[in-house]
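Protein sequence lines, in the order shown, are assigned to chains A and B. Under my numbering, the first residue of the first sequence carries the number 1, and numbering increases by one thereafter. Under my numbering, the first residue of the second sequence carries the number 410, and numbering increases by one thereafter. Backbone N, C-alpha and C define an ideal beta-carbon position, used for all residues, glycine too. Keep in mind it's a predicted model, so treat the numbers as computed, not measured. As structure tokens, the structure follows; a few thoughts come after it.
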Amino acid sequence: MTRRLLTGNAAAAWGARLAEVDYVPAFPITPQTEIIETIAHWMDQGEMAGRFTTLESEHSMITAAGSAAATGTRVFTATSSQGLLYGMEMLYTVAGWRAPFVLMNVSRGLSSPITLEPDHNDILAARDSGFLQIHCATCQEVLDSVLLAFRLAEDDSVRLPVIVNQDGFYLSYTREPVEIPDIEEVRKFLPAFDPENTQFRAGEPRSQGVAVLGGAFYSYFRYEMHLACLNTLSVFDSIAQDFADHFGRKYGILETYQMDDAEFCFVMAGSFATKAKNAVDLLRDAGWKIGLVRPRLIRPFPADALCRALTGIHGVAVIDQNLSMGKGGILYTELASALYSSNSNSPLLVSYIGGLGGRDITREEFFKMARETRHAVETGKVPLPRLLYTEDELRQMRKLQTIAHAPWG
Amino acid sequence: MYRIRFHGRGGQGMKTASRILGTAFFLEGFEVQDAQRYGAERRGAPIFAYVRASREPIKERGIIQRPDLVIVADDTLLLIDAPGVLKGMTPQSVLLLNSEEEPKMWKDRLNFSGAVFALPDVQDLKEPTEQLHIGTVCAAAGARFVGVISQKTLKQAIQDELDILGNQIVEENLEQALRVYDLMEAYAGKIKPSSEPAVADYPDPAWIEMPYEDARISAPAIHAAATSLKNPTGLWRTLRPVIDYDRCHRCSSICSTFCPENAISVNENGYPQIDYQHCKGCLLCMEQCPHHAIESSLEHTKTLESDKGDEI
Ligand code: SF4
Ligand code: SF4
């Protein structure tokens, strides 16, 4: 085991290398390209076995990934933002094949307007596809999640592809200390993929992804995918425990921080949750009983785990780094639905949209969200969902619009 | 936590500087985050990179709001707003400049309340973008200022980060970096790890309710031509093309046709004129002029000479 500084992109590449993947179909896109460059370099130098193929689009890349996985090989691939959307048709298709592989998505805001920095609308656009989703908050978690993802994907009771998500820039281009496990230990945790009956090879005729006409047949296959996805919730803990036994790092379906005696908390996904921890520390110094809950799994949605974690909490500030047009924050919506169907005494939820297109969330904003949430609990008046946006930001926007000759009035 | 920001121009090695300093902290047992801020960067464009280091796990991400130390590899960046060199600096922050000018001059001119220091003369070259080892030198100066990085560690970090460039480059960089590290001994420990202000000390964010505005205003469209004129890309230039009108034959099309930025216009007498607000300094015009009437000069010298409070 070595501990060294790695970017999120390098950590992703290390995950693929340690998983000893057989095949990497690739197509470049900022901010993901470093991952496939690193893997290509290793393969070129003979430091990593396997086959690397550049495809002509993400649509073909995901087709290649699913097809290769269907032959029983271990496959890793990566994309981001517009690339994920371009491959969207095949995301649904290959998940339906029940072909297990791992796709790293490096989050980046979607067009239009076009941008480079992260939010979660790209990954969440894939939330109904049948891929599992693991959302990372540190570079270490990126590497570890790739290994966990292969175990989940290849698990008999799941057999679905997995998207591991890391935030562009905030992880992809940021170096942090990362422990790189020894390959022998990884082999014990993640033995070679045994595809059993999903094996698909020349000379043994079979058909996959067949057509079914008739809703009842179709419903069967689709609902089986849903049930397999839900199974992740029951196998996650034992796989994570196995991971902890080998590598000493324990991952839960949720990360909870300072929740033991908490009365209030933040709920958010991804690397911005690191900032929330800092805000929690400072608020605790000021006497607050506050914590953080960060779902690692978004698909399947950990409804029960969230309800348990939020039992006894008075107020929750839900921070969505995404925006469903015409609805609002996706995490907020899904959390509300989970709490509504639970028996527990549900906490009050306040919805915030922040960090779109990589827009920073400052400490003072976390403090204000905490104060507003407490005020809502005290008064019973829940504020409307809010976009984190300041006067000064609107002033800057006005300058841009003036340059763009926006037709005022 | 230590929070350090490097400002320079694309090509000066600011990412390398942040990586060397990050690795050095890491080798000294610190938790570290280092990153470069990527954008639509290119050679000459203002860029920055940053390093956080702490004995505790780091619970911050993204750009540094309040830096303890800002190291500037090209002092012309101080003359323009866009790079945001002074952003978030407090009276406790320290500014370290690669500049021929006196620190006192900059302190007064920038009306900056913190301490200002200058890097010792790095090389004989006056042009920062021609100083081949400036990134490494900035990292070495940063290592000296924090006072917790030994010479041996600095050496190791430079070797680790520059290894892929080959032995000779590593040796040259080591020589420059260690010289500066030694010269700056008196500054050891000038930067102390800073702690965060308490909750009560932060101002309330001035949130607004986002107003609805119809699509004529709120669609991301530009309703006029040539608005890019308002973006003074001239500040990316490190080399300046200068036309010698005695030699110019007024062929009136070659240089202006080849300029990829459309920054050369021809006046009514047939003479070409360069728009320095937008010329990026690619020197294609110089290459193309059949009469060798265009020469290049160092932008840094020009900027500081011509700058009397005007924009470049
Ligand atoms: S190409 Fe040379 S000679 Fe022709 S107009 Fe330009 S500077 Fe003058
Ligand atoms: S240096 Fe390049 S950008 Fe500048 S005037 Fe010449 S051709 Fe145009």
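Task: Spatial distance of residue 186 of chain A from residue 22 of chain A (CA atoms) - done: Taking the straight line from one Cα to the other gives about 16 Å.
- [ ] Please report the residue range of the alpha helix (DSSP H) in which residue 562 of chain B lies.
- [x] That run of the alpha helix (DSSP H) goes 560–571.
Open item on the list: I need the DSSP call for residue 378 of chain A, collapsed to helix, strand or coil.
Closed with: Helix, per DSSP.
- [ ] Excluding the 5 residues preceding and the 5 following residue 374 of chain A in the sequence, name in chain order all residues of the same chain whose CB lies nearer than 7 Å to its CB.
- [x] Result list for residue 374 of chain A: 264 and 315, in chain order.
Open item on the list: Under 8 Å: do the region 633–641 of chain B and the region 384–391 of chain A share three or more Cβ pairs, one atom per stretch?
Closed with: No: fewer than three Cβ pairs fall under 8 Å.
- [ ] Would you mind working out which of B:521, B:530 and B:539 sits nearest residue 550 of chain B, comparing C-alpha positions?
- [x] With distances taken between Cα atoms, residue 550 of chain B lies closest to B:530.
Task: Under 8 Å between C-beta atoms of residue 70 of chain A and residue 241 of chain A - done: Judged by their CB atoms, residue 70 of chain A and residue 241 of chain A are not nearer to each other than the 8 Å cut-off.
TODO: Decide if the region 148–162 of chain A is in contact with the region 95–110 of chain A; the criterion is three or more beta carbon pairs, one per stretch, under 8 Å apart.
DONE: Output reads yes: the region 95–110 of chain A touches the region 148–162 of chain A.
Task: Beta-carbon contacts of residue 103 of chain A that lie in its chain and below 6 Å, excluding the five residues immediately before and after - done: The answer, listed in chain order, is 77 and 163.
- [ ] Give, in chain order, every unbroken run of the beta strand (DSSP E) that is at least 3 residues long and sits entirely within the region 312–395 of chain A.
- [x] List check, beta strand (DSSP E) in window: 315–320 and 348–353.
- [ ] With DSSP collapsed to three states, give me the class of residue 417 of chain B.
- [x] Taken through DSSP and simplified to helix, strand or coil, residue 417 of chain B comes out as strand.
Open item on the list: Taking the alpha-carbon of residue 272 of chain A as reference, which of A:246, A:337, A:294 and A:258 has the nearest alpha-carbon?
Closed with: Residue A:294 is the option with its Cα nearest to residue 272 of chain A.
Open item on the list: Would you say residue 176 of chain A lies against chain B (beta-carbon separation less than 8 Å)?
Closed with: The beta carbon of residue 176 of chain A sits closer than 8 Å to some beta carbon of chain B.
Task: Spatial neighbours of residue 484 of chain B in its chain, beta-carbon cut-off 6 Å, leaving aside the 5 residues before and after - done: 506 and 508.
Task: Cut-off 6 Å between Cβ atoms - residues of its own chain near residue 112 of chain A, not counting five sequence neighbours on either side - done: Once the five neighbours on either side are set aside, residue 112 of chain A has no close Cβ partner at all.
- [ ] Would you please verify whether the beta carbon of residue 11 of chain A is less than 8 Å from any beta carbon of chain B?
- [x] Answer no: the Cβ-Cβ gap between residue 11 of chain A and chain B never drops below 8 Å.
Open item on the list: Please report the straight-line C-alpha distance between residue 261 of chain A and residue 311 of chain A, rounded to a whole angstrom.
Closed with: Rounded to whole angstroms, the gap between the alpha carbons of residue 261 of chain A and residue 311 of chain A is 11 Å.
TODO: Mind listing the chain A neighbours of residue 632 of chain B? Cutoff is C-beta to C-beta under 7 Å, in chain order.
DONE: Ordered by position in chain A, the residues that pass the 7 Å Cβ test against residue 632 of chain B are 404, 405, 406 and 407.
Open item on the list: Here's the rule: buried if 16 or more other CB atoms are within 10 angstroms of the residue's CB, otherwise exposed. What is residue 286 of chain A?
Closed with: Exposed, because fewer than 16 other Cβ atoms sit within 10 Å of the Cβ of residue 286 of chain A.
Task: Contacts of residue 670 of chain B in chain A (Cβ-Cβ under 9 Å) - done: Annotation: residue 670 of chain B has no Cβ neighbours in chain A at a cutoff of 9 Å; minimum Cβ distance is about 18 Å.
Task: DSSP beta-bridge partners of residue 103 of chain A - done: Residue 103 of chain A is bridged to A:77 and A:163.
Open item on the list: Buried or exposed for residue 719 of chain B, going by 16 or more other Cβ atoms inside 10 Å?
Closed with: Because residue 719 of chain B sits at a pLDDT of 37, beneath the cut-off of 50, its placement in the model cannot be relied upon, and the following sentence gives the value as read from the coordinates. The residue is exposed, with fewer than 16 neighbouring Cβ atoms inside 10 Å.
Task: Cβ contact (3+ pairs, closer than 8 Å) linking the region 318–327 of chain A and the region 342–361 of chain A - done: Touching, yes.
- [ ] Please state whether DSSP places residue 111 of chain A in a helix, a strand or coil.
- [x] The answer is coil: DSSP assigns residue 111 of chain A none of H, G, I, E or B.
Open item on the list: My output table needs one value for residue 267 of chain A: the three-state DSSP class, helix, strand or coil.
Closed with: In the three-state scheme derived from DSSP, where H, G and I count as helix and E and B as strand, residue 267 of chain A is classed as strand.
- [ ] Determine the contact status of residue 670 of chain B and residue 557 of chain B, defining contact as a CB-CB distance below 8 Å.
- [x] No. Outside cutoff.
Task: With 16 other Cβ atoms within 10 Å as the buried cut-off, status of residue 8 of chain A - done: By the neighbour-count rule (16 or more Cβ atoms within 10 Å), residue 8 of chain A is buried.
TODO: Could you check what DSSP says for residue 720 of chain B in three-state terms: helix, strand or coil?
DONE: Since pLDDT at residue 720 of chain B reaches only 35, below the 50 mark, its modelled position is unreliable, and the value read off the structure follows with that caveat. Three-state result, residue 720 of chain B: coil.
Task: residue 439 of chain B and residue 458 of chain B closer than 8 Å at C-beta - done: Against a cut-off of 8 Å, the Cβ pair of residue 458 of chain B and residue 439 of chain B comes out as no contact.
- [ ] Starting from residue 401 of chain B, follow the alpha helix (DSSP H) in both directions and report where the run begins and ends.
- [x] Here chain B comprises residues numbered 410 to 721, so residue 401 of chain B is not present and cannot be evaluated.
Open item on the list: As a quick check of your reading: which residues have a C-beta less than 6 Å from at least one non-hydrogen atom of ligand 1, in chain order?
Closed with: With the cut-off at 6 Å, the residues found are B:652, B:657, B:658, B:659, B:660, B:661, B:663, B:664, B:681, B:698, B:700, B:702 and B:703.
Open item on the list: One question on the structure: do residue 66 of chain A and residue 27 of chain A come within less than 8 Å of each other, judged by their Cβ atoms?
Closed with: It is not a contact, given that the beta carbons lie outside the stated cut-off.
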